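Read in this note's numbering, the sequence shown has 113 at position 50, and its numbers run on one by one without any break.
Ideal placement from N, C-alpha and C gives every residue a C-beta, glycine not left out.
It should be emphasised that the depicted structure is a prediction, and the values quoted were computed from it without experimental measurement.
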Amino acid sequence: MKSITVLLSLAFLVGSIDAGVRRPRIIEGTDASIQDFPYQAMIQMGLMAPHKHICSGVILSKKHILVAAHCMTVFMFPPFNFGRVITGTDRNTNETTGHIHQIASIEKHEDFDGAAATSYRHDIAVITVSPASIDVLFPDYCSGVIFCKFIQLEDEIVFDEYQQKIELVDHDVESGIRATLTGWGRTKNGTDSVQLQKLSTTVLTSAECQPYYPDDRPIFEDQFCALAAKGAGACRGDSGGPLVVDNKLVGIVSWINEGICVSGTPEVYTNIYSHKDFIESAINK
């Protein structure tokens with residue numbers, strides 16, 4: 064791709080996407096290395112630094128990232144120049160240590176019931192990163208109305224010890240099984256973690272999970288839950304985070320009950336096995 068320089072005459076301000084959306088973020092996790100979880104990806108928003116981490120993602124192929132659909136509601140129409148995917152790093156900082164990929168397209172599940180819904184059913188989407196024919200660069204630094212320095216983007220994900228696709232589960236997840244959740248977690252004092260976090264948790268079926276929630280917050284059969292020790296688990300900010308059993312993806316974080324991240328209430332996941340047809344169709348187009 065060719066390097067380009069663009070005169071920015073107007074600052075691009077991206078509003079928060081937190082309003083009305085329960086974005087989980089891991090609490091009481093422990094530090095993790097990207098070499099142990101090379102399928103982990105980060106979704107960021109913002110045309111100018113500092114870029115904002117909004118959700119996690121999962122590498123499906125050299126061109127595809129799996130995410131929670133509600134994370135993508137902010138990206139209403141192309142081009143998606145103010146969004147980017149980071150792979151190959153376990154650090155959540157503005158000094159990018161991984162690889163940056165432009166978002167070329169987003170395919171949400173056709174039956175996703177929207178970010179305003181209480182259930183987030185079919186909360187799943189696939190990002191395609193830019194092919195070589197798209198030449199879009201992000202400003203690495205801008206100060207006022209001046210020429211900006213740009214950084215070159217990666218065309219596709221190059222697999223190595225830091226970046227790998229994950230295998231999808233080939234059967235429904237079982238109740239009581241231990242699973243590992245990863246994401247950029249919140250510390251005890253409420254600040255976001257710079258280092259990737261991991262957490263061991265226990266799977267619950269949708270039927271086992273429903274008693275934790277009122278009837279107007281249904282848990283559907285194509286969802287399931289996971290519950291860690293009280294005081295630990297997902298909370299605001301880490302939607303799309305992968306839940307893995309035996310190195311296979313079984314779920315991605317969808318939502319938690321508002322305001323009770325550390326109260327022993329399970330978080331809700333989109334069931335990967337229930338959505339394999341959608342995933343395979345999206346990556347094979």
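* To do: Might you give, ordered along the chain, the residues of its own chain that have their beta carbon closer than 8 Å to the beta carbon of residue 176, omitting 5 neighbours on each side?
  => Taking the sequence shown and counting its residues from 1, one reaches residue 176 at position 113. The beta carbon of residue 176 lies closer than 8 Å to those of 182, 183, 184, 185 in the same chain, with the five residues before and after it left out.
* **residue 109 versus residue 145 - alpha carbon distance** => Taking the sequence shown and counting its residues from 1, one reaches residue 109 at position 46. Taking the sequence shown and counting its residues from 1, one reaches residue 145 at position 82. Distance between the alpha carbons of residue 109 and residue 145 is about 5 Å.
* Asked: If you draw a straight line from the alpha carbon of residue 312 to that of residue 124, how long is it in whole angstroms?
  -> Stepping through the sequence shown from its first residue, residue 312 is reached at position 249. Stepping through the sequence shown from its first residue, residue 124 is reached at position 61. Per the coordinates, the alpha-carbon of residue 312 lies some 13 Å from the alpha-carbon of residue 124.
* With contact counted as at least three CB pairs below 8 Å, one residue from each stretch, are the stretch 133-149 and the stretch 228-237 in contact? -> Counting Cβ pairs under 8 Å, fewer than three are found: no touch.
* To do: Counting only the same chain and skipping the five closest in sequence on each side, list residues whose C-beta sits under 6 Å from that of residue 143.
  => Position 80 of the sequence shown, counting from 1, holds the residue named residue 143. Excluding sequence positions up to five before and after residue 143, its CB lies within less than 6 Å of the CB of 166, all in the same chain and listed in chain order.
* Tell me the DSSP bridge mates of residue 240? -> Position 177 of the sequence shown holds residue 240. As far as DSSP is concerned, residue 240 takes part in no beta bridge.
* residue 346: first and last residue of the uninterrupted beta strand (DSSP E) it sits in -> In the sequence shown, residue 346 corresponds to position 283, counting from 1. Note, residue 346: premise wrong, no beta strand (DSSP E); alpha helix (DSSP H) at 339-346.
* Asked: How about residue 304 and residue 335: do their beta carbons lie closer than 7 Å?
  -> Sequence index remark: in the sequence shown, residue 304 carries index 241 (1-based). Sequence index remark: in the sequence shown, residue 335 carries index 272 (1-based). Residue 304 places its beta carbon 7 Å or farther from that of residue 335.
* **Neighbourhood of residue 275 by C-beta, 8 Å cutoff - its chain only, sequence neighbours within 5 removed** => As a working mapping, residue 275 is identified with position 212 in the sequence shown. Taken in chain order, the residues that qualify are 288, 320, 328, 329.
* Nearest candidate by alpha-carbon position, reference residue 242, set 224, 97, 261 -> One-based indexing of the sequence shown puts residue 242 at position 179. For residue 242, the nearest C-alpha among the options comes from 261.
* Could you tell me which of 188, 150, 103 sits nearest to residue 338, measuring between CA atoms? => As a first step, residue 338 is located in the sequence shown; it is residue number 275 there, counting from the start. Shortest Cα-Cα distance from residue 338 to any of 188, 150, 103 involves 188.
* Mind checking which residues open and close the beta strand (DSSP E) that includes residue 170? => Taking the first residue of the sequence shown as position 1, residue 170 is located at position 107. Counting along the chain, the unbroken beta strand (DSSP E) around residue 170 starts and ends at 162-171.
* Bridge-paired residues (DSSP) for residue 232 -> Taking the first residue of the sequence shown as 1, we reach residue 232 at position 169. Assignment of beta-bridge partners to residue 232 by DSSP yields no partner.
* Residue environment, residue 226, which counts as buried when at least 16 other CB atoms sit within 10 Å -> Counting from 1 along the sequence shown, the entry for residue 226 is found at position 163. Buried: at least 16 other Cβ atoms inside 10 Å.
* To do: Over the uninterrupted alpha helix (DSSP H) stretch that includes residue 272, give me the two end residues.
  => On the sequence shown, position 209 is the one that residue 272 refers to. Per DSSP, residue 272 belongs to the alpha helix (DSSP H) from 269-272.
* Asked: What three-state label does DSSP hand residue 298 in the structure shown?
  -> In the sequence shown, the residue the question calls residue 298 occupies position 235. In this structure, residue 298 counts as coil in the three-state DSSP scheme.
* To do: Classify residue 329 as helix, strand or coil using the three-state DSSP reduction.
  => Here residue 329 is taken as the residue at index 266 of the sequence shown, counted from 1. Residue 329 falls in the coil class under three-state DSSP.
* To do: With DSSP collapsed to three states, give me the class of residue 104.
  => Here the question's residue 104 lines up with position 41 in the sequence shown. Here residue 104 sits in strand by DSSP.
* To do: Please go through the same chain and pick out, in chain order, the residues whose beta-carbon is closer than 7 Å to the beta-carbon of residue 224, but skip the five residues on each side of it.
  => Taking the sequence shown and counting its residues from 1, one reaches residue 224 at position 161. Within the same chain, residue 224 has close Cβ partners 98, 101.
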